[in-house]
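Engineer: Structure in structure tokens, see below.
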Amino acid sequence: MPRGGGLMAPGARLRFLLAVWTLAVLARRSAGEAGDGGWQRRGPGAPAALAEEQRCAVERRADLSYSEFVQHYAFSRPVILQGLTDNSRFRALCSRERLLDSFGDNVVRLSTANTYSYRKVDLPFQEYVEHLLYPQDPTSLGNDTLYFFGDNNFSEWASLFQHYSPPPFSLLGTTTAYSFGIAGAGSGVPFHWHGPGFSEVIYGRKRWFLYPPEKTPEFHPNKTTLAWLQDVYPTLTSSARPLECTVQAGEVLYFPDRWWHATLNLDTSVFISTFLS
């Protein structure tokens with residue numbers, strides 16, 4: 464206010480209010496990008512985030528060299544990588560607000576969340592985010608559960624993917640391909656296997672269950688991971704249980720070739736995988 468306690472001129476007052484509003488918007492955006500990216504929106508009655516495992520059985524490495532990776536993990540066991548790349552820029556671009564601004568009108572392809580993913584559904588990305596990102600119903604079958612992961616149109620998403628820095632490790636004779644996904648709390652993919660790859664959590668947390676190739680897990684291909692965790696997991700003996708761990712935002716899990724794995728998103732999660740094939 465001017466000296467003497469006089470009222471602020473209308474033009475100055477408008478500029479002052481605009482500046483305050485702009486700072487508030489920027490503060491909210493910055494807080495969302497630094498925290499949950501605006502993804503952890505839960506309506507009335509929605510369940511709280513799911514629990515992590517009691518003890519992580521996958522080694523975490525923050526100082527792994529390429530020779531150590533090849534010698535100890537690439538062909539034999541999973542590992543969680545920390546701090547090998549800086550994806551802060553990519554993470555900021557993956558906030559809810561920014562993805563909707565950039566890709567809201569794009570048509571995305573959803574897969575059913577069963578082991579074989581028979582059915583595909585195409586719909587606008589904004590419709591998926593605003594109407595289908597709700598917590599998983601534990602009674603739903605995989606065929607009735609839609610999941611956005613893979614099936615990305617790389618030309619449409621190239622402006623986002625160009626800002627992603629994958630883990631600095633590769634395997635001789637393989638090429639890389641990205642699969643980007645966003646899914647609600649309690650969702651996930653039931654047990655399946657394929658070639659080796661890396662999976663990084665951008666926002667949220669993702670719980671992994673892994674078995675080596677020679678040890679086929681007990682599961683129904685059309686039951687969701689959440690149903691398996693509630694119905695089958697408690698009946699397993701300690702020797703029959705999988706390796707498991709919760710991958711936090713900013714961490715990357717590597718899984719070797721033909722390892723069985725299932726995933727469970729503990730929150731609404733944004734994630735990207737780099738498949739080696």
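With the numbering used here, the residue at position 114 of the sequence shown is 577, and numbering never jumps.
For glycine and all other residues, C-beta sits at the position ideal for the given N, C-alpha and C.
Put leucine 480 into one of helix, strand or coil per three-state DSSP.
Structural biologist: Walking along the sequence shown from the start, residue 480 turns up at place 17. Its pLDDT being 45, under 50, leucine 480 is placed unreliably by the model, and the measurement read from it follows with that caveat. If DSSP states are grouped into helix, strand and coil, leucine 480 belongs with the helices.
Engineer: In chain order, what residues of the same chain have a beta carbon less than 8 Å from the beta carbon of glutamate 707, not counting five sequence neighbours either side?
Structural biologist: Locating residue 707 in the sequence shown gives position 244, counting from the first residue. Excluding residues within five positions, the ones whose Cβ falls inside 8 Å are Glu516, Cys519, Ala520, Val521, Arg670, Trp671, Phe672, Leu673.
Engineer: Going by CA-CA distance only, name the one from Gln589, Gly500, Asp614, Trp691 that's closest to leucine 573.
Structural biologist: One-based indexing of the sequence shown puts residue 573 at position 110. Here the closest residue by C-alpha is Asp614.
Engineer: With burial defined as no fewer than 16 other Cβ atoms inside 10 Å of the residue's Cβ, what is the status of histidine 594: buried or exposed?
Structural biologist: Counted from its first residue, the sequence shown places residue 594 at position 131. Result: exposed.
Engineer: For phenylalanine 632, does the three-state DSSP call read helix, strand or coil?
Structural biologist: Locating residue 632 in the sequence shown gives position 169, where the first residue counts as 1. Three-state DSSP puts phenylalanine 632 in coil, outside helix and strand.
Engineer: State whether the stretch 647-667 contacts the stretch 685-693, with contact taken as three or more CB pairs (one from each stretch) at a distance under 8 Å.
Structural biologist: As far as the Cβ criterion goes, the stretch 647-667 touches the stretch 685-693, which means the pair count is three or higher.
Engineer: What residues match up with isoleucine 735 in a beta bridge as DSSP calls it?
Structural biologist: On the sequence shown, position 272 is the one that residue 735 refers to. Beta-bridge pairing links isoleucine 735 to Phe643, Glu663.
Engineer: Please report the distance separating the alpha-carbon of arginine 704 from that of aspartate 564.
Structural biologist: Along the sequence shown, read from residue 1 onward, the residue named residue 704 stands at position 241. Along the sequence shown, read from residue 1 onward, the residue named residue 564 stands at position 101. In a straight line, the C-alpha of arginine 704 is about 43 Å away from that of aspartate 564.
Engineer: Using the C-alpha atoms, what's the distance from serine 701 back to serine 618?
Structural biologist: For the purposes of this step, residue 618 is taken as the residue at position 155 of the sequence shown. For the purposes of this step, residue 701 is taken as the residue at position 238 of the sequence shown. C-alpha separation (whole angstroms): 46 Å.
Engineer: Taking the alpha-carbon of leucine 562 as reference, which of Gly498, Trp620, Phe532, Ser551 has the nearest alpha-carbon?
Structural biologist: In the sequence shown, counting from the first residue as 1, residue 562 sits at position 99. Looking at the Cα atoms, Trp620 is the closest of the given residues.
Engineer: Which first and last residues belong to the beta strand (DSSP E) in which histidine 724 is found?
Structural biologist: Here residue 724 is taken as the residue at index 261 of the sequence shown, counted from 1. Taken as a continuous stretch (DSSP letters only), the beta strand (DSSP E) holding histidine 724 covers 723-728.
Engineer: Can you give me the start and stop residues for the alpha helix (DSSP H) that phenylalanine 682 sits inside?
Structural biologist: What you label residue 682 is simply residue 219 of the sequence shown in a count that begins at 1. Counting along the chain, phenylalanine 682 falls outside any alpha helix (DSSP H), and DSSP gives it neither H nor E.
Engineer: Let me know if tyrosine 579 comes out buried or exposed under the rule of 16 or more other beta-carbons within 10 Å of its beta-carbon.
Structural biologist: For the purposes of this step, residue 579 is taken as residue 116 along the sequence shown, with counting starting at 1. When all chains shown are included, tyrosine 579 counts as exposed.
Engineer: Could you give the DSSP three-state label for threonine 709: helix, strand or coil?
Structural biologist: Here residue 709 refers to the residue found at position 246 of the sequence shown. Residue state, collapsed to three classes: strand.
Engineer: What separation, rounded to the nearest whole angstrom, lies between the Cα atoms of threonine 709 and asparagine 569?
Structural biologist: Looking up residue 709 in the sequence shown gives position 246. Looking up residue 569 in the sequence shown gives position 106. Whole-angstrom Cα-Cα distance: 31 Å.
Engineer: Pairs of beta-carbons, one from the stretch 624-642 and one from the stretch 581-601, closer than 8 Å: are there three or more?
Structural biologist: Because the criterion of three Cβ pairs below 8 Å is not met, the stretch 624-642 and the stretch 581-601 do not touch.
Engineer: Compute the distance between the beta-carbons of alanine 646 and phenylalanine 611, then report whether it is under 8 Å.
Structural biologist: By 1-based counting over the sequence shown, the position of residue 646 is 183. By 1-based counting over the sequence shown, the position of residue 611 is 148. In this structure, phenylalanine 611 lies closer than 8 Å to alanine 646 by Cβ.
Engineer: So who's on the other strand from arginine 670, going by DSSP bridges?
Structural biologist: The residue given as residue 670 occupies position 207 in the sequence shown. Answer by DSSP bridge pairing, in chain order: Thr709, Leu727.
Engineer: For serine 662, which option in Arg582, Gly500, Ala725, Leu604 has the closest C-alpha, if you only look at C-alpha atoms?
Structural biologist: Counting from 1 along the sequence shown, the entry for residue 662 is found at position 199. When only C-alpha atoms are compared, the closest one is Ala725.
Engineer: Near glutamate 496, what residues of its chain come up, given a Cβ to Cβ distance below 6 Å and the 5 sequence neighbours on each side ignored?
Structural biologist: Within the sequence shown, residue 496 is the residue found at index 33, counting from 1. Confidence is the limiting factor: at glutamate 496 the pLDDT is only 47, short of 50, which leaves the residue's position unreliable, though a coordinate-based value still follows. So the list reads Ala555, Ser558, once near-sequence residues are dropped.
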